[in-house]
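Q: Could you have a look at this structure, given as structure tokens, before my questions?
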Amino acid sequence: TTDRLGMIFWLHGLLLAVVLTALAFLLPIQRFAGRVNIIAGLRTLSRQPGYVGFLLAMILMGMGAAGYINFLGLHILALGGSEAQVGLAYAAGAATEIPVMFLGARWFARYANSSLITFGLGIFVLSWLLVGSMPGPVAVIAAVAFVGIGYGFFWVAVVGFANERAPDGMRATAQSTVGAAQGGLGWGLGAVVAGYIWQYADGSAVFWTSAAFVTLALVVFRVGLRLDTQTETPGPANPG
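In this text, residue positions in the sequence shown follow our numbering: the first is 61, and each later residue adds one.
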């Protein structure tokens, strides 16, 4: 059973690699004519309103996502589900995520990216609490569908937020930094934590911990935005 589950992930990764490689050749890439100082650009990014809190939130979100992605299939099997239901769970998440991401730029243009990130993180918290609380595999699959909606909101807004705050010629670097924070550092730390929780507790505890990480990410992100806004806003003049 474990070998077959591992094969599912390998096939998923291979298919994703093929599709993304094909899409890479269709991207309208333009060469930037100016000279880019990466160190100066990163310093500029760190001074953008809310960007440090944003990166910290991405690390925490990655920690939560690692527990969810790595242990969803094992949790379904532990609840008595089948390998087919594991596949259905991931399909349910994709079925709700893809339409939101595909149409997101048109739907969400009137909303600030920071608001959409907040909304997406909130959906993650509620969804992972539900996933951890469901008593059977069918109920878990239904809860996973809401996770896909959160991913759709979240990633459309994350890309936009990073681009808004990137200096000229640094958009790719800004997005790479986000990817390293979420999918690198955050994912690595979260996988270790979730593994220990799975070993000494159960799947429900893994997902509740993921929800706790994302709750902290939401708080850090909003506080970071608020603090930077207050720093930039001048106070009233001292009449004395």
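For every residue, glycine included, the Cβ atom is placed at its ideal position computed from N, Cα and C.
1. Between the segment 154-165 and the segment 271-281, do at least 3 Cβ pairs fall closer than 8 Å?
2. On the three-state DSSP scale, how would you describe SER142?
3. Please report the straight-line C-alpha distance between PRO195 and GLY133, rounded to a whole angstrom.
4. Put GLN242 into one of helix, strand or coil per three-state DSSP.
5. For VAL218, which residues in the same chain have their Cβ closer than 7 Å to its Cβ, ignoring the five residues on either side in sequence?
6. Sort PHE206, GLU224, GLY255 and ALA149 by Cα distance to SER174 and report the nearest one.
7. Going by DSSP in three states, ARG231 sits in which element: helix, strand or coil?
8. On the CB-based measure, 16 or more other CB atoms within 10 Å of its CB, does THR293 come out buried or exposed?
9. For ASN298 and LEU285, I'd like the C-alpha separation in whole angstroms.
10. In whole angstroms, what separates the C-alpha of GLY180 from that of ILE209?
A: In short, the structure shows the following:
1. The segment 154-165 vs the segment 271-281: no contact.
2. Numbered from its first residue, the sequence shown carries residue 142 at position 82. The three-state reading of DSSP puts SER142 in coil, since its state is none of H, G, I, E or B.
3. Within the sequence shown, residue 195 is the residue found at index 135, counting from 1. Within the sequence shown, residue 133 is the residue found at index 73, counting from 1. Looking at the two C-alpha atoms, the distance is approximately 15 Å.
4. Locating residue 242 in the sequence shown gives position 182, where the first residue counts as 1. In the three-state scheme derived from DSSP, where H, G and I count as helix and E and B as strand, GLN242 is classed as helix.
5. Residue numbering aside, residue 218 sits at position 158 when the sequence shown is read from its first letter. Same-chain partners within the cutoff: ILE177 and VAL238.
6. Here the question's residue 174 lines up with position 114 in the sequence shown. Ranked by Cα distance from SER174, the first of PHE206, GLU224, GLY255 and ALA149 is GLU224.
7. By one-based count along the sequence shown, residue 231 stands at place 171. The answer is helix: DSSP assigns ARG231 an H, G or I state.
8. Position 233 of the sequence shown, counting from 1, holds the residue named residue 293. Confidence at THR293 is low in this model, with a pLDDT of 42, below 50, so the placement of that residue should be treated as unreliable; the coordinate-derived value is given next. In this structure THR293 is exposed. Its beta-carbon is surrounded by fewer than 16 other beta-carbon atoms within 10 angstroms.
9. In the sequence shown, counting from the first residue as 1, residue 298 sits at position 238. In the sequence shown, counting from the first residue as 1, residue 285 sits at position 225. Only weak support exists for where ASN298 lies, its pLDDT of 39 falling under 50; the value from the coordinates is given anyway. Cα to Cα, the separation comes out at about 26 Å.
10. As a first step, residue 180 is located in the sequence shown; it is residue number 120 there, counting from the start. As a first step, residue 209 is located in the sequence shown; it is residue number 149 there, counting from the start. Between the C-alpha atoms of GLY180 and ILE209 there is a straight-line separation of about 8 Å.
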